[in-house]
Amino acid sequence: MASRLLFVMFGAVYYLGITANGETVQKANLESLHIISDISYRIATTLVSMKYYNPYNSTVGADLYIMMPLKSVILNFSMEIDGHVTVGEVKEKSVAKDIYEKDVGKGKSSGYFEVEHRFTRAFDMSVNIEPQKYIVYNLTYQELLTRQNNKYRHDIHVTTGEIIDDFLVEIFITEPQDIIHVSVPKITINKLADITVDKELDSALIKNISSREIYIKYNPSRKQQEEIIEKGVAAGFFEVEYCVDRQYISNSLYNVNLKSLHVISDIKYRFATTLVSMKYYNPHNFSVSADLHVMVPLNSFISDFSMEIDGHVTVGEVKEKSVAKDIYKYTSETGQSSGTVEVEHRFTRAFDISVNVEPQKYIVYNLTYQELLTRQNNKYRHDIHVTTGEIIDDFLVEVFITEPQDIIHVSVPKITNNKLTDITVDKELDSALIEYISSREVYIKYNPSRKQQEETSGIDGVVAGSLKIQYDVDRQNNSNLIYAVDGYFVHFFTPDSLPSLPKHIVFMLDISASMSGRKIEQMSEAMENILDQLDSELDKFLIGTFSSGVSWMKDEFLISNNLNKKLGKNYIKELQTNGSTNINAALLQSVEKHKSTSTSTKKSIIVFLTNGYPTEGVTNLEEIKKNFREANEEISLFTLCFGEKSINNFFRKLATENGGFNRRIYIDSDSKLQIENLFKEISNILLKDITFVYLDDAVNTSSTSFSNYFKGSELVVSGVLPQEYRPTINVSLTMTNHLGPNKENLELELYGDDFTSDDGFSQNSSLTSIQSFSEITEKTYAYLTLRQLLMEDETNEVRHDILNLALKYNFVTPLTSMVVTKYKVNEELFEE
C-alpha cells in the first residue's frame, strides 16, 4: 500500500521575457492565492482560488501550467469577473480550443485547460485577462490518498511567481481512527536538477480539534515567502504527513472471531434501554487486543459495560477518566482481559471500547446505553446501528415497546447501509417481524439469515447499517401526560392541534470557496424546494449570503407569494462560490435584519448553513458565540453544517443556546434531502416562549422554558416531587400562540402508581422489569438534567455537577470513563 498525494499547484508561465521585436511582455499581478484542502476518510478535495489584476490598458494573456496528481479528477473550474461567475464546461478538445481562440481574438477574458496525454501530471490552462480587470479562477479536484511508508503524505506545490500579501493554505483532516504523528516538516524547494533544498517551516499552525480531526493553516508573511524564493519565484512543496492509529485494523492479522451479535432494546414511556451483546473467540496462543468502534445514538449515554469470560462476569465501573485509563493500561500490560469505554468529546456519536482477549478464550461483552426518544414529524424514531465486520450465523435484534397510550403507525421501513463515503443505500426490510402483544405493547424481531446479511453488506463484505424503528401514540386530543413514580415525575406536552404562528425567516447561506462543487449545487436545489414550502399567508423571508462579506437579496423581508418565491429561486440559481468565511458578520447582520420587524405573535428564525471554520473577520469561536448572545434577544437559530469537522459541535451548542438546534449535513449523501428535512421539522411553529411552573413544591426540575413548539414534536420536563401520594399536580403554563401571549392554570392527573402492580407491564424484556419502572422515571430526570448541563459553559461548578450525576447513575460522559477488569485492581494506586 503506497501513496503520495501530490498536489502540485499552479506553476504560472506568463508571457515574460523579450519578444522578437525586443518588447517586454506585460503580465497581470497576482493578488491572492488561497488553497483549501478537505481530507475526509482519505478522500482529498482541494480547491485552489487565485485572484489576478491586469493594471494595463490592453489585454494580457497568461499560460498557466498546472501540475496535477497523477490519479486526480478535476471536479470544477470557474472564473469570476466583476462579480459575474462563469463555470467551465467540458467539451470535445477541438471544439473547446476553437471557442477559446475566438474569445481571445475578441479580447475577452477566457480560460482553457487540457491534459496532454492520458497519463500526464501536467495540465495547461490559458487565461486571457481584459484591461484593468480583476479575475478570480477556482479549480477543484479530488483524489483518494493511499499509504506509503506507514504514513499518508499530502504535498501542495505552490508557485506564486512573486511575493504576495494574501497567501493562505488550509487543510482539514477527518479520519475514522485517531490521527497520530501529524507533521508539516519542511518547505522543500525542487530545482530543475532535482537537487532538494530544505527550509524549516516555522509558520504552520497545527490544531488538534479532536483525536480524529486536525486543522492545519499556513499563512506565510512576505518575509517567510522570501525565504523560499528560488530564482525570484516563490515556489515549493508544502508537505503534510500523518498516520492513523490502526490498532483495530492491524489486528486483522491475528483477529478474534465474532461468533454472535444480539441487540435487545426495551422502550418504556419513550425511554429506551439498549443492550448490545457480542461474543468473540481468540483462536491464537497469545493475547489479542481489539479496538472496537461502537456507534450509538447522538444523545444517548452508555450506562453499563461488562465482560464474561469462562462463565465469570465482571461489571464495569464509571471512574474519572484519568483513573479509568490508568487501570486499563495496567491490566492490559499484564495480559489480563480488560476494557474501557469513553467518549471523546461532548457531541460524538462514536464510543471506543478497547478489549484485550486472552489466548484461546471466549469473551462476551455487553454494552448498555440509554436515551430518551424525541418526537419529530409526528413519530418517535429509534435507530440501532449494527456492525459485525463479517457475515455471522447468530445475528438477532429484538425491540420491545410499551407506552401508556395506544401505539400507532409502527414501521421498520428499511435497513440503511452507510458506507464510509456516507453514500446511503436503502434496502427493503422484509425480514422484520412486528407483533402487537396488546394495543400498548409491540414486539419487533429482526433475525437476518446469512443471505440477507449479504444483501446489506458493503463492497468490502462488512455488514454495517442502521435498523430504524418508527412509531407514534394515540393521544386522543390530550396534549398533556404526566406520570410519577417514587417521587420523580415526567411531563410530556404535545399541543399539535393549534394553528401555526407566522414566521419571519432569514436564510443565511455560505458561498465561500469551500462550498464549491456539489455542496453549493445541493444547497441551491434544497433551497428552491424550501421556498415552495413557505406559507404565503403566514411567512415572510429574506435570503442572505456570506463569504468574506455579507450580501442580501433584498433590503426588506418578502411576502411568500409566487412572484417573490420565483425571485428567490432565480437569486439562488446565480450563486457562485468565492472568498473566505466571515461567520461573525453573517450572524450579526442576520440579527439586525430581524430587529426591525418585531411583533408579539411573529416567530423570528435564522436558518444558517455553512461549511468550515471562520477565516475572515472574527475567527475566535468563543468570541463569535459571545457576540451573537449579546446581540440576540428572541431569535431562534437553526444551523446546518456540511461535513464532519468540529465546527459542527460549535454550532450545535450555539443553536441550542439560542432556541434552535443543529443538524450535520453529510456531504456525499443526499444533502439536498437532509436540508429539506430540517426545514420540514421547523416549518410549523405552533407556540413560542413556553414556560412551565409546577405549583406543588416540585424541586430540581430539568429545563422548564422552551423557545418553540414545533408541530409533530414533544416537550419533556422531569423533576422531583414530595414523597407523599397525590392524584393530581397543578401546573401554570405561559406561552405565545397565534392570538398572542397566553397563560393557563392546569390541574393534571398523575399516572404511574398502577404500573407497580403485576398488571402494569408484560415481562417481555430481560432489560427492564416491573420493579425497575421507578428507575426509568428517575433516570429520565437524570438524563435530561445531564444533557442540559453538557450544553452549558464548562465552569468548575458545571463540571462538578456533571461528574456527580455521571458517577451516581453510571453514565459515561466527557468527564468519565467506564473500566472493567477481570481481576480486582488496587484503585487507590491510580487515584493518588
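Read in order, the letters of the sequence shown are residues -20 to -1, 1 to 812 in mature numbering (1 follows the signal peptide of the UniProt record, and there is no 0).
Just so it is clear, CB atoms sit at the ideal spot from N, CA and C, and this is done for glycine as well.
- Here Phe375 is buried: its Cβ has 16 or more other Cβ atoms, across all protein chains shown, within 10 Å.
- For the pair Ile586 and Met488, the CB atoms are nearer than the 8 Å cut-off.
- Runs of the beta strand (DSSP E) lying entirely within the segment 668 to 707, each at least 3 residues long, are 685 to 690, 695 to 700 in chain order.
- Ile115 is positioned such that its CB atom lies no closer than 8 Å to that of Val40.
- Under the three-state reduction of DSSP output, Gln385 falls in the coil class, being neither helix nor strand.
- Residue pairing from DSSP places Ile159 in a beta bridge opposite Val224.
- Looking at the DSSP output, Phe526 shares a beta bridge with Asp490, Val530.
- If you ignore the 5 residues before and after Asn265, its C-beta comes within less than 8 Å of the C-beta of Pro339, Gln340, all in its own chain and listed in chain order.
- Here DSSP, grouped into helix, strand and coil, assigns Thr474 to coil.
- The criterion of a C-beta distance shorter than 8 Å is not satisfied by Tyr345 and Thr254.
- Between Gly692 and Asn358 a beta carbon distance of about 4 Å is seen, short of the 8 Å cut, so the two are scored as contacting.
- Secondary structure of Met258 (DSSP, three-state): strand.
- The alpha-carbon of Val598 is positioned some 7 Å away from that of Ile604.
- If you check the CB distance, Ile153 and Tyr222 come in under 8 Å.
- Shown here for Thr120: same chain residues with a beta carbon closer than 6 Å to its own, the five before and five after excluded, namely Leu27, Leu55, Asn56, Ser496, Gly497 in chain order.
- Annotated three-state conformation of Met507 is helix, per DSSP.
- Here the segment 525 to 536 makes no contact with the segment 449 to 465; the two share fewer than three CB pairs at distances below 8 Å.
- Cβ contact annotation for Gln768 (same chain, cutoff 8 Å, sequence separation greater than five): Ser682, Ser683, in chain order.
- Collapsing the DSSP output to three states places Asp512 in a helix.
- Judged by beta-carbon spacing, Pro479 lies beyond the 8 Å limit of His780, meaning their Cβ atoms are not closer than that value.
- Distance from the CA of Ser492 to the CA of Asn130, rounded to the nearest whole angstrom, comes to 35 Å.
- Ala635 places its beta carbon 8 Å or farther from that of Phe622.
- A distance below 8 Å between beta-carbons, with the five flanking residues on each side excluded, links Lys51 to the following residues of its chain, in chain order: Glu123, Leu124.
- Nearest neighbour of Phe608 by Cα position, chosen from Leu620, Asn591, Gly639, turns out to be Gly639.
- By the neighbour-count criterion, in which 16 or more other beta carbons inside 10 Å mark a residue as buried, Asn541 falls on the exposed side.
- For Asn544, the enclosing alpha helix (DSSP H) stretches over residues 542 to 553.
- Taken through DSSP and simplified to helix, strand or coil, Leu481 comes out as coil.
- For a cut-off of 8 Å, the C-beta gap from Tyr33 to Glu60 is around 13 Å, too long to register as a contact.
- Distances from the alpha-carbon of Val243 to those of Arg455, Ile160, Pro428 put Pro428 closest.
- One alpha carbon belongs to Tyr426, the other to Asp363, and they sit about 13 Å apart.
- Closest by C-alpha distance to Asn118, out of Ile15, Glu219, Val778, Gly732, is Ile15.
- Per the DSSP secondary-structure output, Ser20 pairs in a beta bridge with Ile23, Thr154.
- Here Pro702 is exposed. Its C-beta has fewer than 16 other C-beta atoms within 10 Å.
- According to DSSP, residue pairing for Asp374 in a beta bridge involves Ser240.
- Straight-line measurement puts the Cα of Tyr593 at about 9 Å from the Cα of Leu601.
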